[in-house]
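Novice:
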Ligand code: CDP
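Residue numbers (our numbering): 96 to 320.
(1) Would you check whether ligand 1 has a heavy atom nearer than 8 Å to the C-beta of residue 246?
(2) Which class does residue 220 belong to by DSSP, given the choice of helix, strand or coil?
(3) What are the partner residues of residue 233, as DSSP defines its beta bridges?
(4) Straight-line CA distance for residue 132 to residue 204?
(5) At which residues does the alpha helix (DSSP H) containing residue 180 begin and terminate?
(6) Please name the residue in 209, 213, 139 whose C-alpha comes closest to that of residue 189.
(7) Given this structure, state the Cα-to-Cα distance separating residue 239 from residue 259, to the nearest angstrom.
(8) Can you tell me where the alpha helix (DSSP H) holding residue 131 begins and where it ends?
(9) Can you name, in chain order, every residue of its own chain whose Cβ lies under 7 Å from the Cβ of residue 249, other than the five neighbours on each side?
(10) Are the CB atoms of residue 197 and residue 163 within a distance shorter than 9 Å?
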């Protein structure tokens, strides 16, 4: 996947990196922060989802790092516009191809290019604060217990009219955690300077306010508030 053409970030550019496990609420938080601070937003999970989907459609062996890497290199940004990528199957495919170093390498330049936009950016994923944007001004690691995350995902899918069962979703959440945290390349982990947001007992509004307090403090320290 090609890097976006970018200018050098200005001193005022604010980059917010958000990582965390499946269904922890990072996407919702990232979107709200992006709107609040008028920053462009990249859901990096969509890149892996699009690669997983393309690889599956092409009949490629998902466990073959080189073949999956070639799919990632050929990916065009327009592939991210497919609304069905947010579904469960694409998430499963994504977490399988995301373990391969050639896939991750092919997607780095695009993500770093997005993060380096002159106006700043919000990115969410698994390795944003650790690998993609180690110099982001603000980093969050959003988490919640597997049970809470499975409950949220079940409710979210049920609201979309899907027939889902909590135990199945919980098993999927645990399997995805195992794969994401256990892989050798860019495993899911909090950057040492990330702010931990455990949303197990927090609704999105509370998490959003806590995150804004922190971003505002960083902006005030830079004299940009
Ligand atoms: O929304 P949800 O947390 O379920 O998934 P996602 O963020 O769309 O990510 C889907 C899968 O892509 C994850 O389980 C990871 O395996 C992979 N991924 C990754 O490895 N690195 C990223 N920066 C983003 C996603």
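Positions of the beta carbon are idealized from the N, C-alpha and C atoms, including for glycine.
Specialist: On the basis of the data shown:
(1) no
(2) DSSP places residue 220 within a strand segment (E or B) once states are collapsed to three.
(3) 111
(4) 24 Å
(5) No alpha helix (DSSP H) contains residue 180, which DSSP labels as neither H nor E.
(6) The shortest Cα separation from residue 189 among 209, 213, 139 belongs to 139.
(7) 20 Å
(8) 121-131
(9) 259, 261, 264
(10) yes
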